[in-house]
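In terms of the working numbering, the sequence shown has 63 at position 58, counting the first letter as 1, and numbering is strictly consecutive.
Working notes, structure below.
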Amino acid sequence: MRHARSQGAAPTLSSVVNALRVIALAHKDGKVTLPSISDHLGVGKSTAHRLVTTLTAENFLQRNPAHHAEFIVGPALLEIGAAAIRRADVRRHARRPMERLCDQLGETVSLVILEGNSTRVVDGVESRQAVRVGLRTGVVLPANATAAGKVLLAQLPEKDLLDLFPQGLPALTGATKSTWPELKRQLAEVRAEGFAFNADESEPAMNGLAVPVRDHTSEPVAALAIAAPYYRLPAHTAQAKARFLREAAAVISRAHG
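Structure, rendered in C-alpha cells:
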C-alpha cells in the first residue's frame, strides 16, 4: 500500500522515507522480507532489494541466520536504542548527585552528552546565587568550546576526532581552541588530569569545569559540569573543585552501572 503525503506537508525524500518505514516494519513485525517490503511500501522488488541492500550495508538490518530470506533489526539500530536507554538512565541517576553538588559548590551544574561534534545539556540544577550562569537544558554548543565537550572528546581516538570536524574547529569567542594543535594539547591534559577546565571559550567571562560520567565498562556516557562567572571559578581552583565533581560522577556511575 502506498502512503500518500498529506496535503500541506513538507516535501520529503522518498528513498529516506521508505528506508525508515522498512526499519519501522522490521521493529514492529520482528522481521521483514523482500515481498513484505514490496507489499507494505507499494514498490517493486528491485526497489525493495536496493533498500535492504543499503540498510544491511549500514548495519541497520541484518540477515536472519535462522531464515535466510528474512531480515531483522541490525546492530547499528540496537546500538542507538541502547545508547538512548543509557542516557535516559544516567539522567535519572544524576538528579540527586547534581543537587548535592550544586549545594556544595554553589554553582550551576549540568549533565551533558555528546551529539556528533556538539554537546547538549540534558539536565541541570541552577545555582541560587544572585550572579550565576542560568540553567541551559537543551542548549547545543560546539564540543571543542566547552569543558564538558572536551572531557568527552578526550576519550575518542584521534581519527574519530578528526572525522567529527570535517569543516574544521568552530570558534565561539577569541579564546576558543579552534586549531588542531592547541585542541590536541588540551585534550592530552584532560586525559592526564581527569577533568577539563574552560576559560572564556563558550562565552566571555564564563568558566567551566567538567569530568566524565562512565558506565560499567568505563566508557563515558555523559559529562558532569559546572559553570560560573570567571572570578568564582579561576583556573587555580579547578583541581580542588574537580574533586567534588569526581565524587558526584562516581555516585552517578555506580547507580548507572
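Just so you know, even glycine gets a beta-carbon here, dropped at the ideal spot from N, CA and C.
Remember, predicted model here, so these are calculated numbers, not experimental data.
- DSSP assignment within the segment 12-82 yields the following whole alpha helix (DSSP H) runs of 4 residues or more, N-terminal first: 19-34, 39-46, 50-62.
- Phe200 sits in coil when the DSSP states are folded into three classes, being neither helix nor strand.
- In the DSSP annotation of this structure, the continuous segment of the alpha helix (DSSP H) that includes Gly154 starts and ends at 152-158.
- For Ser19, the number of other beta carbons within 10 angstroms of its own is below 16, and it is reported as exposed.
- Inter-residue distance for Glu63 and Ser115 is about 34 angstroms (C-alpha atoms, whole angstroms).
- Contact check between the segment 213-221 and the segment 242-255: three or more CB pairs, one atom from each, fall below 8 angstroms, which counts as touching.
- Here DSSP, grouped into helix, strand and coil, assigns Val218 to strand.
- Distances from the alpha-carbon of Ser207 to those of Ala53, Ala152, Phe76 put Ala152 closest.
- A buried status is given to Glu112, since no fewer than 16 other beta-carbon atoms sit within 10 Å of its beta-carbon.
- One alpha carbon belongs to Leu25, the other to Ala210, and they sit about 45 angstroms apart.
- Using a Cβ distance threshold of 8 angstroms, Glu131 and Arg137 count as a contacting pair.
- Apart from sequence neighbours up to five positions away, the residues of its chain that approach Leu188 with a beta-carbon distance below 7 angstroms are Asn149, Leu174, Lys182, ordered along the chain.
- With fewer than 16 neighbouring CB atoms inside 10 Å of its own CB, His73 falls in the exposed class.
- Classified as buried, Ala233 has 16 or more neighbouring CB atoms from the shown chains inside 10 Å of its CB.
- Looking from the CA of Asp220, the closest CA among Ser258, Ala201, Leu146 belongs to Ser258.
- Just measuring C-alpha positions, the residue of Ala71, Asn69, Leu60 sitting nearest Leu82 is Leu60.
- With respect to the 8 angstroms criterion, Ser123 and Leu146 are classified as neighbours on the basis of their beta carbons.
- Sixteen is the threshold: since fewer than 16 other Cβ atoms of the shown chains lie within 10 Å of the Cβ of Gly49, the residue is exposed.
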